[in-house]
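One structure is given below, encoded as structure tokens.
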Amino acid sequence: MTDSAAPDTSAVYGRHRGGQWINGAPAAGRGGAAAVTDPATGAVLAGIALASPADVDAAVAAAKAAFPGWSAAAPVERAEAVARLAAELGARAEELALVESEQAGKPIRLCREFDVPGTVDNAAFFAGAARQLEGKAAGEYSADHTSMIRRDPIGVVGSIAPWNYPLQMAGWKILPAVAAGNTVVLKPSELTPFTALMLAEAARAAGVPDGVVNIVTGAGPVAGEHLVAHPDVAMTSFTGSTAVGRRIAELAAAGPKRTHLELGGKAPFVVHDDADLDAAVRGAAAGALINTGQDCTAATRAYVQRPLYEAFVAKAAAAFDAVRLGDPRNEGTDLGPLVSHRQAERVAGFVERARGRGAVIAAGGGAPKTGWDGTDLARGAYYRPTLVTGLPQDDELVRQEVFGPVLVVLPFDTDEEGIRLANDTPYGLAASVWTGGIHRALRATREIQAGCVWVNDHIPIISEMPHGGWKASGHGKDMSAYSLEDYTQVKHVMFDLTGAVAKDWQSTVLSAADEEG
Numbered sequence: 001m002t003d004s005a006a007p008d009t010s011a012v013y014g015r016h017r018g019g020q021w022i023n024g025a026p027a028a029g030r031g032g033a034a035a036v037t038d039p040a041t042g043a044v045l046a047g048i049a050l051a052s053p054a055d056v057d058a059a060v061a062a063a064k065a066a067f068p069g070w071s072a073a074a075p076v077e078r079a080e081a082v083a084r085l086a087a088e089l090g091a092r093a094e095e096l097a098l099v100e101s102e103q104a105g106k107p108i109r110l111c112r113e114f115d116v117p118g119t120v121d122n123a124a125f126f127a128g129a130a131r132q133l134e135g136k137a138a139g140e141y142s143a144d145h146t147s148m149i150r151r152d153p154i155g156v157v158g159s160i161a162p163w164n165y166p167l168q169m170a171g172w173k174i175l176p177a178v179a180a181g182n183t184v185v186l187k188p189s190e191l192t193p194f195t196a197l198m199l200a201e202a203a204r205a206a207g208v209p210d211g212v213v214n215i216v217t218g219a220g221p222v223a224g225e226h227l228v229a230h231p232d233v234a235m236t237s238f239t240g241s242t243a244v245g246r247r248i249a250e251l252a253a254a255g256p257k258r259t260h261l262e263l264g265g266k267a268p269f270v271v272h273d274d275a276d277l278d279a280a281v282r283g284a285a286a287g288a289l290i291n292t293g294q295d296c297t298a299a300t301r302a303y304v305q306r307p308l309y310e311a312f313v314a315k316a317a318a319a320f321d322a323v324r325l326g327d328p329r330n331e332g333t334d335l336g337p338l339v340s341h342r343q344a345e346r347v348a349g350f351v352e353r354a355r356g357r358g359a360v361i362a363a364g365g366g367a368p369k370t371g372w373d374g375t376d377l378a379r380g381a382y383y384r385p386t387l388v389t390g391l392p393q394d395d396e397l398v399r400q401e402v403f404g405p406v407l408v409v410l411p412f413d414t415d416e417e418g419i420r421l422a423n424d425t426p427y428g429l430a431a432s433v434w435t436g437g438i439h440r441a442l443r444a445t446r447e448i449q450a451g452c453v454w455v456n457d458h459i460p461i462i463s464e465m466p467h468g469g470w471k472a473s474g475h476g477k478d479m480s481a482y483s484l485e486d487y488t489q490v491k492h493v494m495f496d497l498t499g500a501v502a503k504d505w506q507s508t509v510l511s512a513a514d515e516e517g
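Per the UniProt record's numbering, residue 1 is the first one in the sequence shown, and the count goes up by one each step.
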């Protein structure tokens with residue numbers, strides 16, 4: 001049931017309708033306006049002002065001014081500030097969950113149990129990691145010299161976060177960068193900006209200095225491109241589509257400046273004939289449908305070894321049909337709407353084109369009219385959990401990122417074929433293999449080309465371990481100490497130990513001068 005005593009989120013929308021957070025305070029964008037809508041009902045939650053290039057300039061200037069002081073702070077000072085931010089986020093957990101559910105259409109249970117706690121945990125992790133940067137041991141790697149390695153902050157980081165996990169992705173961008181001593185200007189999606197603005201508000205309450213965390217809400221071609229190309233932005237971090245990632249890489253190359261890109265995915269879900277069938281079916285339903293399939297690591301291509309194929313399809317179809325679509329504010333709802341009607345239409349287009357090419361829609365397909373709890377879904381951006389079979393490996397539904405609640409299932413015969421099909425994609429973000437055999441599992445984890453490979457599970461992420469892609473899924477890591485390192489630059493410092501005026505190596509260049517002397 002929905003909670004009638006829940007906090008009133010309208011106050012959040014009122015405080016942040018300006019769309020910007022610059023130098024420790026809310027600000028109103030000067031680049032036009034947009035409406036943030038509830039994708040479950042189509043109702044407008046709030047109007048929001050969009051950033052102009054001048055607003056981006058102001059945010060970057062604030063971040064640049066804050067950088068010298070923040071980067072010079074001792075790691076323990078930064079760690080304590082990020083720890084206080086974790087506590088502030090925890091104290092605001094219910095309000096964050098409600099706003100996240102409303103602006104993105106996410107089931108409230110997912111927000112309360114995954115999105116918000118995950119962000120709090122990520123903040124707590126980076127509070128500790130800020131004090132533990134590691135590097136090569138100092139030593140005499142050259143005679144009469146001691147070498148040491150420094151990892152220094154990079155500067156102003158321009159970050160762009162997507163709409164599928166607005167709070168989590170804002171955290172993934174801001175927390176490691178700030179913990180490492182950088183300052184940040186983050187552009188959230190204009191579809192789902194409010195929890196990123198709430199995170200910045202929490203940072204100020206936690207005592208993070210003004211200008212360290214800045215938010216500019218605006219359209220990608222205006223605010224986003226201006227941020228990436230800004231001469232005072234030293235690094236760009238982006239999560240989103242591969243197509244936009246290529247554009248960002250192109251803009252950043254003109255600097256050149258460092259990029260951190262977490263791009264698209266088309267995760268394979270490989271089921272061997274010795275797998276626990278019921279576990280694999282349940283894993284496929286959860287792994288494909290989490291967040292209504294709007295997850296870069298979602299299971300999208302299930303390859304099932306032929307002896308289990310028919311049983312898997314039958315059981316998976318039943319599992320998909322049993323998923324409860326409805327009001328995302330209801331604790332019993334499993335799946336909410338897609339983020340927008342445009343996204344729902346995109347997903348429907350993929351499925352209908354596949355149907356026209358002879359695909360079998362084993363479950364779902366189409367938009368539901370009524371939720372499991374009797375809620376009228378007609379005005380929302382809903383799409384039923386959809387299981388598709390009967391397509392070849394080269395079909396667009398198998399090869400392109402759909403970003404919706406759609407899983408296509410294909411059979412395979414040999415282990416070698418299963419791995420070959422799993423790798424037959426331009427993407428390499430995540431994959432899973434389901435088997436009862438340790439040797440099969442070890443071989444698959446070695447040979448599958450992806451930044452993360454799960455064995456007998458799909459989706460779990462933890463703050464201590466890295467998340468990031470291979471191939472067209474990008475480069476750089478979110479979460480873990482690897483992410484913290486990504487937001488630093490390495491400096492080699494070498495000390496002469498002799499105190500001599502003439503160094504032995506200099507005779508290579510100055511032999512004539514030595515002879516004259």
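Ideal placement from N, C-alpha and C gives every residue a C-beta, glycine not left out.
- Under the rule that a run must span 3 or more residues, the beta strand (DSSP E) segments found entirely inside the stretch 203-244 read 213-216, 235-239.
- Look at E134 here: in three-state DSSP terms it is coil, with no helix or strand label.
- In this structure, Q103 sits near V36, with a CB-CB distance shorter than 7 Å.
- Pairwise C-beta distances place the stretch 85-95 in contact with the stretch 194-211, as three or more of them are shorter than 8 Å.
- In the assembly as shown, H439 is an exposed residue. Its beta-carbon has fewer than 16 other beta-carbons within 10 Å.
- For the options H475, P75, A161, the alpha carbon positioned closest to that of L186 is the one of A161.
- Just measuring C-alpha positions, the residue of R306, P328, L335, A123 sitting nearest F320 is L335.
- Rounded to whole angstroms, the separation of the alpha carbons of K369 and I461 is 34 Å.
- Collapsing the DSSP output to three states places S10 in a helix.
- Cβ-Cβ distances below 7 Å link G358 to G390 in the same chain, with the five nearest sequence neighbours on each side left out; the list follows chain order.
- No Cβ-Cβ contact shorter than 7 Å links T119 with P166.
- It is roughly 26 Å from the alpha-carbon of L484 to the alpha-carbon of R112.
- When the Cα atoms are used, R131 and N182 turn out to be separated by approximately 15 Å.
- As DSSP reads the structure, E262 sits in a beta bridge with T239, G474.
- Per DSSP, the beta-bridge partners of P411 are V304.
- Taking A79 as the centre and dropping the five residues before and after it, the same chain places the C-beta of A127, A130, R131 closer than 6 Å to its C-beta, in chain order.
- By the neighbour-count criterion, in which a residue is buried when 16 or more other Cβ atoms sit within 10 angstroms of its Cβ, G326 is buried.
- Counting along the chain, M169 sits inside the alpha helix (DSSP H) bounded by residues 166-179.
- Rounded to whole angstroms, the separation of the alpha carbons of T239 and S52 is 21 Å.
- Distance from the Cα of A223 is smallest, within the candidate group E345, L50, A472, for L50.
- L325 is bridged by DSSP to L335.
- Annotated three-state conformation of T508 is helix, per DSSP.
- Secondary-structure assignment with DSSP links D395 through no beta bridge to anything.
- In the DSSP annotation of this structure, the continuous segment of the alpha helix (DSSP H) that includes T119 starts and ends at 116-129.
- Between the stretch 269-289 and the stretch 448-463 there are three or more inter-stretch CB-CB distances shorter than 8 Å, so the stretches are counted as touching.
- Per DSSP, D152 lies in no alpha helix (DSSP H); the unbroken beta strand (DSSP E) holding it starts and ends at 145-153.
- Boundaries of the beta strand (DSSP E) around D496: 488-496.
- Secondary structure note for G158: its beta strand (DSSP E) is the uninterrupted segment 156-160.
- With contacts defined as CB atoms closer than 7 Å, V184 and S159 qualify as a contacting pair.
- Note on geometry: alpha-carbon atoms of S189 and I48 lie some 12 Å from one another.
- When the beta-carbon positions are compared, A299 and A279 stay at least 7 Å from each other.
- If you look at L45, you'll find it in the beta strand (DSSP E) that goes 44-49.
- Counting along the chain, no beta strand (DSSP E) covers A275, and no H or E run does either.
- A431 is a Cβ neighbour of I448, given a cutoff of 7 Å.
- Here the stretch 347-361 makes contact with the stretch 401-413; the two share three or more CB pairs at distances below 8 Å.
- Around the beta carbon of D376, fewer than 16 other beta carbons sit within 10 angstroms, so the residue counts as exposed.
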